[in-house]
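Engineer: If you're matching positions, the sequence shown starts at 98 in my numbering and goes up one per residue.
From the three backbone atoms N, C-alpha and C, an ideal C-beta is built for every residue, glycine too.
Here the structure is a predicted model, which means the values were calculated and not measured.
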Amino acid sequence: MYIASTTAPVNIATLKYWGKRDKTLNLPTNSSISVTLSQEDLRTLTSAATSETFSEDQLWLNGKLESLASERTQMCLADLRQLRAELESQDDSLPKFSQWKLHIVSENNFPTAAGLASSAAGFSALVVAIAKLYKLPQSMSEISKIARKGSGSACRSLFGGYVAWEMGVEEDGSDSKAVEVAPLEHWDNMKAVILVVSADKKDTPSTSGMQTTVHTSDLFQWRIKEVVPTRFEEMKKSIVEKNFPVFADLTMKDSNSFHATCLDSFPPIFYLNDTSKKIIKLVHAINEFYKETIAAYTFDAGPNAVIYYESQNESKLFAFLYKLFGKVSGWESKYTTESLTAFTTE
Ligand code: PMV
């Protein structure tokens, strides 16, 4: 039996991917940017094994046997096997992994109840573990195109730190890949606190939500043509220059722009709830109070908030958060002293 393991972090977009121009290949209608959180906090650990004796492909997810039958997973496995077969055709001495079945074991180190999308880290770890097992020579950006087919945002979890997913223009997706903007160490005082407003499964899954928006929202057309291309360049620059106030404003505006296109979809899609809206107001009030932008919120396809801040401002931010939410559970969790603090507000 041959085995390889890897970890992949959860990434939270600061410039949102919302809209597919090709549903099968997961090709986006706009480029996006994410910040990959430290692997100590939120990550998936995946091991992939192969042997001539395995009779079927199998996946154990957090200790439970799960199906590998989804079309998306099958596409990733087929691409990886194809690349391995190319290697085997060039070197006869290589074992024929491309023809053997796989056993995959995957575990998240964060509570599933935290309401965080785990598919990005999951697909990223799955693809990278198999690529390692197969000893594929391709770069991480090349491999990110395979992870992208599993879950669009998964392509960004192949890198740590600050990552851009370049949408590309080709119909076959050959230039739609993730690239590193800067490593984690470049801006190592960046931190995130996650406010778990609700741990429920999201109301409208991202794929169907995106389709509704693409087909019905006029605002969406404006967003992808007139807003995101400039914002993409400005956000990358703010990261390179470690300019928190600019990065924060762009992050908050982009979260609001994405949720505005959801509201402009027909029928409308609501991901934010009243608690989310209170958190938005609170962050603006905190920034106004200090007369300086020290915190930035962002919301994905659900009501939970991720607030980015720089470590030197932690006590300034937490003074407010703790006063308001100190009585809810989660503060006593192991994350309290680390970069992540999860707590429930409902
Ligand atoms: O990759 P998906 O299908 O889970 O979509 C992710 C969509 C957002 O999380 C809302 C935005 C993003 O860029 O991650």
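Mapping DSSP to helix, strand and coil, what is Val-325?
Structural biologist: Helix.
Engineer: Look at the alpha carbon of Cys-359 and the alpha carbon of Ser-305, and state the distance between them as a whole number of angstroms.
Structural biologist: About 11 angstroms.
Engineer: Run through the region 208-273 for me and flag every whole alpha helix (DSSP H) of 4 or more residues, listed as ranges in chain order.
Structural biologist: Fully enclosed alpha helix (DSSP H) runs of 4 or longer: 216-230, 237-247.
Engineer: Does Lys-193 pass the burial test, meaning 16 or more other C-beta atoms within 10 Å, or should it be called exposed?
Structural biologist: Result: exposed.
Engineer: Which residues count as close to the ligand PMV when the rule is a CB under 5 angstroms from any of its heavy atoms, in chain order?
Structural biologist: Cβ atoms closer than 5 angstroms to the ligand PMV belong to Ala-110, Lys-113, Tyr-114, Ser-129, Ser-248, Gly-249, Ser-250, Ser-303, Asp-397, Ala-398.
Engineer: Verify whether the separation of the beta carbon atoms of Tyr-368 and Val-380 is less than 8 angstroms.
Structural biologist: Not closer than 8 angstroms, so no.
Engineer: Under a Cβ-count criterion, where at least 16 other Cβ atoms within 10 Å of its own Cβ denotes burial, should Gly-258 be classed as buried or exposed?
Structural biologist: Gly-258 comes out buried.
Engineer: Taking Thr-309 as the reference, which of Lys-117, Pro-106, Lys-242, Ile-109 has the closest Cα?
Structural biologist: For the residues Lys-117, Pro-106, Lys-242, Ile-109, the minimum Cα distance to Thr-309 belongs to Lys-117.
Engineer: Just reading off the alpha helix (DSSP H) that His-283 is part of, what are its end residues?
Structural biologist: Careful: His-283 lies outside any alpha helix (DSSP H) and carries neither H nor E.
Engineer: By Cβ distance, which residues of its chain are closer than 7 angstroms to His-200, with the 5 residues on each side in sequence left out?
Structural biologist: Closer than 7 angstroms at the Cβ level, and outside the excluded window around His-200, lie Ala-146, Phe-151, Gln-155.
Engineer: Where does Thr-104 sit, in a helix, a strand or coil, going by DSSP?
Structural biologist: Strand.
Engineer: Does the distance from the C-beta atom of Thr-104 to that of Thr-141 stay below 8 angstroms?
Structural biologist: Against a cut-off of 8 angstroms, the Cβ pair of Thr-141 and Thr-104 comes out as a contact.
Engineer: Please work out which residues of its chain come closer than 8 angstroms, Cβ to Cβ, to Gln-171, disregarding the five sequence neighbours upstream and downstream, and give them in chain order.
Structural biologist: Taken in chain order, the residues that qualify are Leu-165.
Engineer: To the nearest angstrom, how far is the alpha carbon of Pro-106 from that of Phe-363?
Structural biologist: Computed Cα separation, rounded: 34 angstroms.
Engineer: For Glu-429, which residues in the same chain have their Cβ closer than 8 angstroms to its Cβ, ignoring the five residues on either side in sequence?
Structural biologist: Because the pLDDT at Glu-429 is just 48, under 50, the model does not fix this residue reliably, and the value given afterwards should be weighed accordingly. Excluding positions up to five away in sequence, the list is empty.
Engineer: Do you know offhand how far Glu-455's Cα is from Leu-191's?
Structural biologist: The requested residue 455 is not part of the displayed model; the chain covers only 98 to 443.
Engineer: The alpha helix (DSSP H) with Glu-185 in it runs from where to where?
Structural biologist: Note, Glu-185: alpha helix (DSSP H), 168-187.
Engineer: Would you tell me roughly how many angstroms separate the C-alpha atoms of Leu-316 and Lys-322, rounded to the nearest one?
Structural biologist: C-alpha separation (whole angstroms): 10 angstroms.
Engineer: Which residue comes first and which comes last in the alpha helix (DSSP H) that contains Val-380?
Structural biologist: Where Val-380 is concerned, the enclosing alpha helix (DSSP H) stretches over 371-386.
Engineer: Restricting to Cα atoms, I'd like to know which of Leu-158, Asn-127, Glu-277, Ser-144 is closest to Ile-100.
Structural biologist: Among Leu-158, Asn-127, Glu-277, Ser-144, the Cα nearest to that of Ile-100 is on Ser-144.
Engineer: Would you check if the region 408-426 and the region 109-127 touch, i.e. whether three or more CB-CB distances between them fall below 8 angstroms?
Structural biologist: As far as the Cβ criterion goes, the region 109-127 does not touch the region 408-426, which means the pair count is below three.
Engineer: Spatial neighbours of Asn-384 within its chain, please: C-beta separation below 7 angstroms, excluding the five flanking residues on both sides.
Structural biologist: Hits under 7 angstroms: Thr-390, Ile-391, Ala-392.
Engineer: With a threshold of 16 other CB atoms inside 10 Å of the CB of Ser-186, please say whether the residue is buried or exposed.
Structural biologist: Burial call: exposed.
Engineer: Three-state secondary structure (DSSP) at Glu-163?
Structural biologist: If DSSP states are grouped into helix, strand and coil, Glu-163 belongs with the strands.
Engineer: Measuring alpha carbon to alpha carbon, tell me which residue in Ser-241, Thr-327, Lys-350 is nearest Leu-255.
Structural biologist: With distances taken between Cα atoms, Leu-255 lies closest to Ser-241.
Engineer: Just to confirm before moving on: does the CB-CB distance between Ser-273 and Arg-253 stay below 8 angstroms?
Structural biologist: Result no, Cβ atoms of Ser-273 and Arg-253 do not sit closer than 8 angstroms.
Engineer: Taking only the alpha-carbon atoms, compute the straight-line gap between Ser-373 and Trp-197 and give it to the nearest angstrom.
Structural biologist: Computed Cα separation, rounded: 48 angstroms.
Engineer: On the three-state DSSP scale, how would you describe Ala-345?
Structural biologist: Helix.
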